[in-house]
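Have a look at the structure below, then the notes.
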Amino acid sequence: MKTFSRQILIVIILLSISDFNLFCQVSDYSSSQNHAEFGELVWAAKWFDDKNSAFSFSFDDGFISHYENVRPILNQFNFNATFYVMPPWLTDSLPGIFRYGTWPMFQAMAMDGHEIGSHTMNHLHLPELEIGDTATEGTILYEIYQARELINQRLPNQKCITMAYPFAEHNLVIDSLTSLFYESARASGNFPNESSLTNEQWFTLSAVDVVFNEPRNSLDDDLDELQFIQDWIDSLIVKEDWGILLGHEVVPQDSLPGLLAAGSWHPFTNEWFTVLSEWLLNKSNNKDVWVETIANVTRYIKERDDYNYSILTYDETQIKLNIFDNLDNEIYNYPLSVFIKVPQSWKLALKIQGETIDTLNVTTNDSGKVVLANIIPDGGVVSLFKMTISSAEDVVGFVPGEIQLFQNYPNPFNPSTTIKFSIPNVASSFSLKTTLKVYDILGTEIATLVNEEKPSGNYEVRFNSEDLSSGIYIYTLHVGNKMAYKKMILLR
């Protein structure tokens with residue numbers, strides 16, 4: 005520890021304010037349209053899934069209410085958020101400290117996909133502290149470094165890569181020190197963040213803090229603030245920017261008076277937060293906004309602005325390519341949404357990267373026919389295969405709800421296996437065109453197991469591999485206009 009501390013101090017001496025500014029380089033990122041205009045075969049979407057903008061929920065301090073109230077609301081809408089905690093203030097069990105939660109609570113939230121980030125060790129006023137070193141309590145380096153280490157110890161499967169400044173207080177020296185241990189840091193501000201950031205801007209991320217006017221006797225009293233944040237999000241959607249919301253405690257409406265009397269900083273009510281989340285879900289479903297943690301948006305932007313590609317194979321039946329960057333693969337492993345131009349004859353594509361297999365729709369834009377694939381940079385060769393599905397144009401009808409295609413059993417198998425699927429409830433007088441087909445890894449149709457109209461219900465089909473060789477096979481279910489697919493392994 006002493007040797008590491010001396011190394012940090014040497015870095016600080018060399019890292020003057022002017023030196024820090026030299027690291028701030030404007031990204032050379034261009035829009036998807038620009039890439040298409042220049043005839044590129046591969047280009048990254050500005051935001052994940054080619055959505056128009058990005059948005060992150062962030063909650064400070066590690067309160068019990070984050071687990072009891074925020075978590076179920078977020079999970080209801082399938083949103084992930086960032087929670088900034090002070091590690092020493094989380095206990096192993098209740099009763100805890102003040103209104104703060106426990107490690108098991110935040111470990112469960114991390115398992116849900118939420119980010120647990122650093123709010124330093126003790127929520128001190130960082131500008132008032134000496135720089136110190138990572139081993140001396142009450143210093144800047146101790147506060148920012150030790151918090152990260154404790155979080156990583158408690159959450160070994162989720163790297164702590166972002167921090168929120170206590171009281172949103174920071175300066176250039178604090179920013180430069182924070183950059184030694186984190187990939188980005190959140191401050192505050194009423195403006196969204198741009199889609200590409202300089203190194204300096206990564207450590208001054210802006211987040212809007214909703215200030216509620218009193219009285220707050222019902223949800224109606226908070227509608228002005230709801231309209232404010234909705235207008236704010238609508239504005240960043242138009243600009244294609246990244247917005248961050250800063251929150252603290254969240255409680256039911258009937259618990260709000262007591263919390264306000266205790267001095268809580270502008271808490272949200274469950275009712276207010278639910279209405280906002282429901283509104284945001286509609287925006288997300290319309291591809292207006294991508295909702296994700298601060299860590300994952302950080303990953304996506306830096307991957308997008310750093311990636312490159314090489315084409316290994318490109319012909320009428322298959323495309324093979326590499327997507328790579330110069331970033332740390334242990335941190336930067338979030339899927340990058342990439343447009344890939346495909347031959348004009350393609351209507352459906354099979355994408356394989358490592359153990360991930362996806363079926364991709366082929367769409368047409370100004371550059372021709374393309375697929376949108378989610379690819380992990382440096383995650384291995386990406387293979388695209390033309391899929392020939394003769395019945396694709398014959399699929400008609402609408403299926404309310406989701407079809408279910410289950411994993412075959414046994415898997416791996418030899419020589420036969422059972423495939424089960426279910427069709428959701430529709431009007432009793434209706435049957436829907438249903439096909440279940442098997443393809444090899446190149447997208448060539450191997451067998452048709454089902455090809456008829458079927459009513460809602462549960463079904464199972466036996467597949468006999470007969471003369472097939474060992475390998476990975478794909479089985480695809482079409483019901484009306486819905487599709488599902490899975491892979492199975494034949495071992496001779």
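Using this note's numbering, the first residue of the sequence shown is number 5, and each one after it goes up by one. Every residue gets a Cβ at the ideal spot worked out from N, C-alpha and C, and that includes glycine.
Reference residue i, options the options, closest by Cα
i	options	result
residue 118	103, 127, 166 and 93	166
residue 463	150, 471 and 483	483
residue 467	65, 190, 453 and 246	453
residue 386	413, 436, 313 and 419	313
residue 495	476, 228, 98 and 481	476
residue 173	187, 235 and 210	210
residue 152	92, 410 and 74	92
residue 112	162, 126 and 100	162
residue 99	130, 272 and 67	67
residue 70	486, 256 and 435	256
residue 77	276, 342, 199 and 146	276
residue 392	271, 361 and 442	442
residue 384	339, 416, 415 and 428	339
residue 254	79, 72 and 345	72
residue 426	145, 408 and 134	408
residue 332	321, 345, 320 and 304	304
residue 502	346, 140, 144 and 478	Past the boundaries of the shown model lies residue 502; the chain is included only from 5 to 496, so the question cannot be answered.
residue 324	346, 310 and 337	346
residue 234	389, 125 and 283	283
residue 298	481, 87 and 94	87
residue 62	140, 311 and 249	249
residue 492	204, 274 and 410	410
residue 472	449, 158 and 238	449
residue 365	75, 359, 351 and 371	351
residue 418	194, 474, 376 and 229	474
residue 445	244, 321, 83 and 199	321
residue 274	52, 286, 260 and 265	260
residue 458	215, 192, 227 and 437	437
Buried versus exposed call for residue i [16 or more other C-beta atoms within 10 Å across all chains shown]
i	result
residue 291	exposed
residue 231	exposed
residue 432	Residue placement at residue 432 is poorly supported in this model, since its pLDDT is 45, which falls under 50; the coordinates are not used for a value here.
residue 14	Confidence is the limiting factor: at residue 14 the pLDDT is only 34, short of 50, which leaves the residue's position unreliable and the question unanswerable from this model.
residue 115	exposed
residue 129	exposed
residue 357	buried
residue 316	exposed
residue 486	buried
residue 170	buried
residue 96	exposed
residue 348	exposed
residue 288	buried
residue 296	buried
residue 369	exposed
residue 80	exposed
residue 196	buried
Backbone secondary structure at residue i - three-state DSSP
i	result
residue 243	helix
residue 45	coil
residue 90	coil
residue 129	coil
residue 482	strand
residue 37	Caution is warranted here: a pLDDT of 43 is assigned to residue 37, below 50, making its placement in the model unreliable, and the coordinate value is therefore given only provisionally. Helix, per DSSP.
residue 214	coil
residue 336	coil
residue 390	strand
residue 364	strand
residue 30	Per-residue confidence for residue 30 stands at a pLDDT of 30, beneath the threshold of 50, marking its modelled position as unreliable; the derived number appears in the next sentence. Correct three-state label for residue 30: coil.
residue 311	coil
residue 206	helix
residue 169	coil
residue 493	strand
residue 177	helix
residue 25	Because the pLDDT at residue 25 is just 36, under 50, the model does not fix this residue reliably, and the point stays unresolved.
residue 289	helix
residue 429	coil
residue 471	coil
residue 350	coil
residue 155	helix
residue 303	helix
residue 182	helix
residue 504	With the chain covering only 5 through 496, there is no way to say anything about residue 504.
residue 201	coil
residue 145	helix
Cutoff 9 angstroms: residue i Cβ touching any chain B Cβ
i	result
residue 435	Protein chain content of the structure displayed is limited to a single chain, and chain B is not contained in it.
Any non-hydrogen atom of the ligand PLP closer than 8 angstroms to residue i Cβ
i	result
residue 85	In the structure on display, the ligand PLP does not appear, and there are no ligands present to speak of.
- prompt: Would the region 181-194 and the region 219-231 be scored as touching if the rule is three or more Cβ pairs under 8 angstroms?
  reply: The answer is no - the region 219-231 does not touch the region 181-194, with fewer than three Cβ pairs under 8 angstroms.
Runs of alpha helix (DSSP H) lying entirely within the region 224-287, each at least 4 residues, in chain order: Runs of alpha helix (DSSP H) with 4 or more residues, each lying fully within the region 224-287, are found at 227-243 and 260-265, listed in chain order.
task: May I have a chain-ordered list of the beta strand (DSSP E) segments no shorter than 3 residues that lie completely inside the region 47-85?
output: Complete beta strand (DSSP E) runs here, min 3: 58-64.
task: May I ask you to verify whether the region 51-62 touches the region 254-274, counting CB pairs closer than 8 angstroms and requiring at least 3?
output: At 8 angstroms Cβ cutoff, the stretches do not touch.
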